[in-house]
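Novice:
In my numbering, the protein residues as written are 115 to 503.
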């Protein structure tokens, strides 16, 4: 288990005119506390999903992807970030057609050194690329046109924006004007006025998360800190607990901070934890639990109802459900998951055998596997959840 290095905020980068104020941590859980003390249930996703569709991402020299590390979507577009292989952000249509690639790597005023994170301002139809080494955010139109640059006075590991502020996730600071150890900085869009949240105020226990700690839905920013069993909603000056999960066999946060890889592997045989897989939707919040028996799905409705359990590995009647495992994005009540072409091809023979003489399923499989090869880009699956009555 590898840890991110603590991020140091450089002393010289903060202007002496910057204003800092401390935000408030509020235990104001919107959902009831979720208690998970047994992980034995199974539920059929087919009873919970209204519709499944997919698109094959166009494969061409200019759109070729390595891994999909992060994705944001709206009703017409997929914004796909390949951080480690290509270090590039792409826009595809929902049908999989390649539209554009954002920015160019370099040291020029309109270029980035390295994309560390990205966000999408759907209201203003702008894409934001966070260049950590360049200490800046580059703004682009949805068509890929460079718009402007915003300087960033500190180092951060993730960020999200809305109409009021940009929220940055920061691990630590040596800045003399803020002596406390910061976790989140909120930067107002008009002036350099910062609200920070002291990491010592946030209860930290019962989870282990390395990535996807910040999320956004409908203009609201959410965060799940490492070693925390809660998801918080960021406000202009408040950090409000949004979902709290109580686990029977959790791993203590102090243990997680100092544990070795070998001991962590042993603990996973008997303990459970939130592993960073979560998506906020219109009517649901989706969480992924890591348990000794495997990945455990948790759906929490906005009125507090809980649906949880392991899912079937194979679905002969609807083979598209076979690929549901780790959705990384959402839109309204739709969970979205990219799957590599190699994984889809690995299931091909088995799915055709299970389909047997079911002509409907056979036709579905024929469409899925048409023109797919090991060198193809990923296939993106869209799982539309049923609405709550």
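Glycine included, each C-beta is placed from N, C-alpha and C at the ideal position.
Does DSSP classify residue 455 as helix, strand or coil?
Specialist: Residue state, collapsed to three classes: helix.
Novice: Would you mind working out which of 395, 332, 437 sits nearest residue 456, comparing C-alpha positions?
Specialist: Nearest option by C-alpha distance: 437.
Novice: Determine the contact status of residue 452 and residue 492, defining contact as a CB-CB distance below 8 Å.
Specialist: Yes; because the gap between Cβ atoms is below 8 Å, this pair is in contact.
Novice: Could you check which residue in 243, 279, 400, 444 has the C-alpha nearest to that of residue 345?
Specialist: Residue 400 is the option with its Cα nearest to residue 345.
Novice: What are the partner residues of residue 498, as DSSP defines its beta bridges?
Specialist: In DSSP, residue 498 forms a bridge with 165, 448.
Novice: When burial is assigned at 16 or more other CB atoms within 10 Å of the CB, is residue 464 buried or exposed?
Specialist: Residue 464 is exposed by the Cβ-count criterion.
Novice: Between residue 434 and the rest of its own chain, which residues show a CB-CB distance below 6 Å, the 5 nearest in sequence each way excluded?
Specialist: Cβ within range, chain order: 166.
Novice: Compute the Euclidean distance between the alpha carbons of residue 277 and residue 221, then round it to the nearest angstrom.
Specialist: Those two C-alpha atoms are separated by around 29 Å.
Novice: So residue 261 and residue 254 are supposed to be a Cβ contact under 8 Å. How far apart are they, rounded?
Specialist: About 6 Å; that satisfies the 8 Å criterion.
Novice: At the level of alpha carbons, what is the spacing between residue 377 and residue 414?
Specialist: Taking the straight line joining both Cα atoms gives about 32 Å.
Novice: Which residue marks the beginning of the beta strand (DSSP E) containing residue 348, and which one marks its end?
Specialist: Looking at the DSSP string, the run of the beta strand (DSSP E) that includes residue 348 is 344-348.
Novice: Report the three-state DSSP secondary structure of residue 467 (helix, strand or coil).
Specialist: Three-state result, residue 467: helix.
Novice: Hey, out of 241, 263, 259, 339, whose CA is closest to residue 251's CA?
Specialist: Checking every option, the nearest Cα to that of residue 251 belongs to 263.
Novice: State the DSSP-derived secondary structure class of residue 478, mapped to helix, strand or coil.
Specialist: Reduced to three states, the DSSP call for residue 478 is helix.
Novice: Tell me whether the beta-carbon of residue 359 lies closer than 8 Å to the beta-carbon of residue 395.
Specialist: Contact flag unset, no.
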